[in-house]
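Single-structure report; data block below.
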Amino acid sequence: MPTTTTTSTDSLDSPDFPELPARSPLVSWLAVVSVMLGIFSIVTTEILPIGLLTSIGSSFTVSDGMAGLMMTMPGFLAAASAPLVTVATGRVDRRFVLGAFILLLALANFLAAAASSYWLVLVSRVMVGVTIGGFWSIGAGLAGRLVPAPSAGRATAVIFAAVPLGSVLGVPLGTFIGDTAGWRTAFLVMGVLSLAVFALLILVVPPLPAQAPTRLHVLTGMLKGLNTRYALVITFLVVLAHFGAYTYVTPFLEGVTHVGAGAVTVFLLVYGAAGIAGNFLGGSAVVRHPRATFAAAAAMIAAATLLLPLAGTSRVGAVVLLVLWGVAYGAVPVCSQTWFARACPDSPEASSVLFTASFQATISTGALAGGIVVDRSSPSMVMTLAGTAAVLTVIAIGLHRARRVPWPDPAPLRAASGEHPGSRHG
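The opening position of the sequence shown corresponds to residue 1237 in the numbering used here, with each subsequent residue numbered one higher.
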């Protein structure tokens, strides 16, 4: 989930958007901020358990691998719900849909905070997964309907800024709250924030009648494109590498680097700051050099995860490699969505759906695979296998360049109307 305007900018210029009714600039921008805060709440809630795995596992006497199911379930549900919700709610007012999903997120957080058994925590994570797929696929492209056309690009940037902030700050934030007030308080805080976002959405977002919905044949048509297939494979490998390892970074730091809970929080905050920097660095580079930027990010993840079992035994080595890892992963979402957007620029909403579904499904796969390895081996082995997957990502990107695959793929909608876009290399 990136901070790029590539996908959304295409949709913002679409003539399908009706003229906005007269609204004050303040209210219009508050509507943009409300959507941004919704995505921030969702992203933060999704990855909140990463920094709390050990404490939650101890509370319910489950292993780190079993606790990792909290990361596995939302991604799979999000991957399934992204296309289903987009198609099924094609005629429903978007404000109503967004509000309903934010309420569901609040309920999920409150259920996790009050859960008396681990299976109730998992139920709450199912609710989170449905929210991710539904809210993200719809909310990510709404900027052009909330502000006048000249401001649409900036509004899109504001909405997408929630992703790196939630992605890189969610884990240290959750770890800090969990260390100071208990893991249940972390979920309680997110539940209260979700309710506040719901109230803001209802107050400032105008009615947003549904427009032409995304059809299933557009999604299936995109899957026939070579660039889209490469995007799916590359996204799978690099996200598998990252979340397979990062889901279990807390057990690694505690067991291999031998740092206490307070130091883990500091380490993750350093990682988060590096991730924010990486997001903006990657976002500025990927527009002109999509393959090189993506390959560089994957190579840095490979270096960090492969070296952690060796250099991560010292605090200095662990911090240096976490900074490298943070910068690298900060660029990954923007690289992935940019690739999907360039593959099929005529279908921005469909591109967003495929990006969301593939990214979320792989988050779950990575967390599940990492959990299996950590239960049967060690956190160091998880890092080594993750580094191998990142190396395969670099190889896949190299193959795309070697084959000189032209951008974009034949767009499903354009192909259906008999138009044929010119190809270009990038």
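For each residue, glycine too, the CB sits at the ideal point set by N, CA and C.
message: Tell me whether the region 1460-1480 and the region 1527-1538 touch, counting them as touching only if at least three CB pairs, one residue from each stretch, are closer than 8 Å.
response: yes
task: Say whether the region 1500-1515 touches the region 1560-1567, bearing in mind that this needs 3 or more beta-carbon pairs closer than 8 Å, one atom from each stretch.
output: yes
query: When we look at the beta-carbon of Ile1283 and count the other beta-carbons within 10 Å, is it buried (16 or more) or exposed?
result: Buried, since its Cβ has 16 or more Cβ neighbours within 10 Å.
message: Alpha carbons only, please: which of Leu1339, Leu1628, Leu1542, Ala1567 is nearest the one belonging to Phe1530?
response: Measuring from the Cα of Phe1530, the nearest candidate turns out to be Ala1567.
Boundaries (first-last residue) of the alpha helix (DSSP H) holding Thr1308: 1305-1324
field: Terminal residues of the alpha helix (DSSP H) in which Leu1382 lies
entry: 1379-1382
field: Cβ-based burial, Trp1575 [other Cβ within 10 Å; buried from 16]
entry: buried
query: What are the boundary residues of the alpha helix (DSSP H) that includes Arg1551?
result: Residue range 1551-1579 is occupied by the alpha helix (DSSP H) that includes Arg1551.
- prompt: Considering only residues of the same chain and omitting the five flanking positions on each side of Ser1373, which have a CB-CB separation below 7 Å?
  reply: Taking C-beta separations shorter than 7 Å and ignoring five residues to either side along the sequence, the partners of Ser1373 in its chain run Ala1318, Val1321, Thr1322, Ser1588, Val1589, Thr1592, following chain order.
query: Buried or exposed: which applies to Arg1578, given that a residue is buried once 16 or more other Cβ atoms fall within 10 Å of its Cβ?
result: buried
- prompt: So the alpha helix (DSSP H) Glu1282 belongs to, where does it begin and stop?
  reply: Start and end: 1261-1283.
- prompt: What are the start and end residues of each continuous beta strand (DSSP E) run of 3 or more residues lying completely inside the region 1331-1415, in chain order?
  reply: The qualifying runs do not exist here; there are none.
message: Give me, in chain order, the residues of the same chain whose beta-carbon lies closer than 6 Å to that of Ser1572; leave out the 5 immediate sequence neighbours on both sides.
response: Thr1471
- request: Let me know the secondary structure DSSP gives Ser1299 once reduced to three states.
  value: coil
- prompt: So which of Ala1586, Ile1286, Arg1612 has the shortest CA-CA distance to Phe1412?
  reply: From the listed residues Ala1586, Ile1286, Arg1612, the smallest Cα separation to Phe1412 is found for Ile1286.
field: Residue interval of the alpha helix (DSSP H) (run including Val1506)
entry: Counting along the chain, the alpha helix (DSSP H) containing Val1506 begins and ends at 1497-1522.
query: Which whole-angstrom value is the C-beta distance of Leu1582 and Ala1446, which I expect to be below 8 Å?
result: What sits at residue 1582 in the sequence shown is Asp, not Leu. Asp1582 to Ala1446, Cβ: 20 Å. No contact.
query: Using CA coordinates, which residue listed in Ala1467, Asp1300, Thr1493, Leu1273 is at the minimum distance from Val1570?
result: Closest option to Val1570, Cα to Cα, is Ala1467.
message: So, with DSSP's three-state summary, where would you put Asp1611?
response: helix
field: Residue interval of the alpha helix (DSSP H) (run including Val1425)
entry: 1419-1440
task: Kindly indicate which residue of Arg1390, Pro1400, Ser1295 has the alpha-carbon position closest to the one of Trp1355.
output: Ser1295
- prompt: Expressed to the nearest angstrom, what Euclidean distance is found between the alpha-carbon atoms of Met1307 and Thr1598?
  reply: 11 Å
- prompt: By how many angstroms is the C-alpha of Leu1288 removed from the C-alpha of Ala1267?
  reply: Looking at the backbone, the Cα of Ala1267 and that of Leu1288 are separated by about 32 Å.
- prompt: For the candidate residues Ala1540, Ser1352, Pro1400, Val1362, whose alpha-carbon lies nearest to that of Ala1626?
  reply: If you compare the alpha carbons of Ala1540, Ser1352, Pro1400, Val1362 with that of Ala1626, the shortest gap goes to Ala1540.
message: If I measure Cβ to Cβ from Ala1344 and keep anything under 6 Å in the same chain, skipping five residues before and after, which residues do I get?
response: Once the five neighbours on either side are set aside, the close Cβ partners of Ala1344 are Ser1360, Met1363, Val1364.
Residue nearest to Gly1469 in terms of C-alpha spacing, selected from Ile1292, Ser1594, Phe1337, Val1641: With the sequence shown as reference, residue 1469 is identified as Val, and Gly is not the correct amino acid for it. Checked all of Ile1292, Ser1594, Phe1337, Val1641; the closest Cα to Val1469 is Ser1594.
message: For Ala1265, which residues in the same chain have their Cβ closer than 6 Å to its Cβ, ignoring the five residues on either side in sequence?
response: In the sequence under discussion, the amino acid at residue 1265 is Trp, which differs from the Ala named in the question. Result list for Trp1265: empty, nothing under 6 Å.
task: Tell me whether Pro1443 sits in a helix, a strand or coil according to DSSP, three-state version.
output: coil
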